[in-house]
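J.:
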Amino acid sequence: MNHSVVSEFVFLGFTNSWEIQLLIFVFSLLLYFVSMMGNLVIVFTITMDAHLHSPMYFLLANLSVIDMVFCSITAPKMICDIFKKHKVISFWGCITQIFFSHAVGGAEMVLLIAMAFDRYVAICKPLHYLTIMSPRMCQSFLASSWVIGFIHSLVQLVFVVDLPFCGPNIFDSFYCDLPRLLRLACTNTQALEFMVTVNSGLISVGSFVLLVISYIFILFTVWKHFSGSLSKALSTLSAHITVVILFFGPLMFFYTWPSPTSYLDKYLAIFDAFITPFLNPVIYTFRNKDMIVAMRNLFSHFVHFGKI
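Counting with UniProt numbering, you get residues 1 to 308 for the letters of the sequence shown.
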């Protein structure tokens, strides 16, 4: 039986200062809008330009879709709540927010690994690239990322929904996260907290280490066999490495640090929710000549069509 008597949770937000609230509101709204528009432009450009119909850009377009979904899980409610004195979310709304955060985050982890594999094949096995990275393989990567993400999230929450929540209901944050939710339960949750650390923390660290090792292996292979192409490989991989560090850095802090500092935790969460989805399109477009050319061509086409 579910003994919960808590029907909603209260967010404390960031500050009671109206000036800082206004600054955060403008900053968050602007970043959310730019993130959504930037990722939409990437998806639209890759879809419309036949020259970009390749495995690398297929994975990139799906990364942009994931970033848009991930950004929309917590950002709209946070923006709407900034000026409210009573910031609340229902019990099941909180559970839903946590579920989709972990599901989409897990999917992005797998997709980033798929993108690293794609770069490995492109750089180390260029003659077999189209054979290995076939449309079926790309679709399998995409399906696996979502399946693994949902399983990863479901495994954690199936043990949480029936916990007794009978008193404290305050989150010193602007969104629901699993470690804070477990601390509000009216029972001993040490075993569940350990499970979350193993499930989310070690998976994040393990995926990050796997990606770093793969990039080192790619660069070593290029240096050993194609010494003249090392700078080109570094240029190609630098965007991926930047995205990996930006994505995994906050996650590893949230789920492996024993007791994160409240304020640092909040601002890292802003970074994860707003800045990473904003930087991904910037990193992948301004450092990619093919994307820039494709966007210019599409823009010119629509300008010409508008004049007609």
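The beta carbon of each residue, even a glycine, is placed where N, CA and C say it ideally should be.
Per the DSSP calculation, I170 is bridged to which residue(s)?
T.: DSSP output for I170 lists V10 as bridge partner(s).
J.: Return the chain-ordered list of same chain residues with a C-beta closer than 7 Å to the C-beta of T15, the five sequence neighbours on each side being excluded.
T.: For T15, where only same-chain residues beyond five positions count, the Cβ hits under 7 Å are Q21.
J.: For S173 versus A103, is the C-beta spacing smaller than 8 Å?
T.: Their beta carbons are not under 8 Å apart, which means S173 does not touch A103 by this criterion.
J.: Report the three-state DSSP secondary structure of K84 (helix, strand or coil).
T.: Looking at K84 - three-state DSSP - the assignment turns out to be coil, as it is neither helix nor strand.
J.: What residues in its chain sit with their C-beta under 6 Å from that of F100, if we drop five residues either side in the sequence?
T.: Excluding positions up to five away in sequence, the list reads I73.
J.: Can you find at least 3 beta carbon pairs, one from the segment 267-278 and one from the segment 65-72, that sit closer than 8 Å?
T.: Cβ pair count under 8 Å is three or more, so yes.
J.: Here's a check: name, in chain order, each residue in its chain whose Cβ is nearer than 8 Å to the Cβ of L60, leaving out the five neighbours to either side.
T.: I42, I46, M115 and Y284.
J.: Can you name, in chain order, every residue of its own chain whose Cβ lies under 6 Å from the Cβ of D49, other than the five neighbours on each side?
T.: Same-chain partners within the cutoff: A294.
J.: Do the segment 181-197 and the segment 108-123 touch if we need at least three Cβ pairs shorter than 8 Å?
T.: Cβ pair count under 8 Å is below three, so no.
J.: Three or more beta-carbon pairs under 8 Å between the segment 174-191 and the segment 77-95, yes or no?
T.: Touching, yes.
J.: Can you check DSSP and say which residues form a bridge with R89?
T.: First, the amino acid is wrong: residue 89 is Ile here, not Arg. Partner(s): F9.
J.: What does the Cβ neighbour count give for S300, buried or exposed, with the cut at 16 atoms within 10 Å?
T.: Flag for S300 reads exposed.
J.: Under 8 Å by Cβ, that's how I've got T187 and L163 pegged, so tell me the actual separation to the nearest angstrom.
T.: At roughly 6 Å, the Cβ-Cβ gap stays under 8 Å, so T187 and L163 are in contact.
J.: Could you spell out the range, first to last residue, of the alpha helix (DSSP H) harbouring T276?
T.: Run containing T276: T276 to F286, per the alpha helix (DSSP H) assignment.
J.: Assuming G38 and P281 are in contact, meaning their beta carbons sit under 8 Å apart, how far apart are those beta carbons, in whole angstroms?
T.: Rounded, the Cβ-Cβ distance is 3 Å, consistent with contact.
J.: Restricting to Cα atoms, I'd like to know which of F208, G13, V161 and I123 is closest to A75.
T.: If we check each option's Cα against that of A75, G13 comes out closest.
J.: Please confirm whether C124 and I218 have their CB atoms less than 8 Å apart.
T.: Result yes, Cβ atoms of C124 and I218 sit closer than 8 Å.
J.: At what residue ranges does the segment 98-161 contain a whole run of the alpha helix (DSSP H), taking only runs of 4 or more?
T.: Complete alpha helix (DSSP H) runs here, min 4: 129-132 and 135-157.
J.: Report yes if the C-beta distance between A239 and R287 is below 8 Å; otherwise report no.
T.: Yes. Within cutoff.
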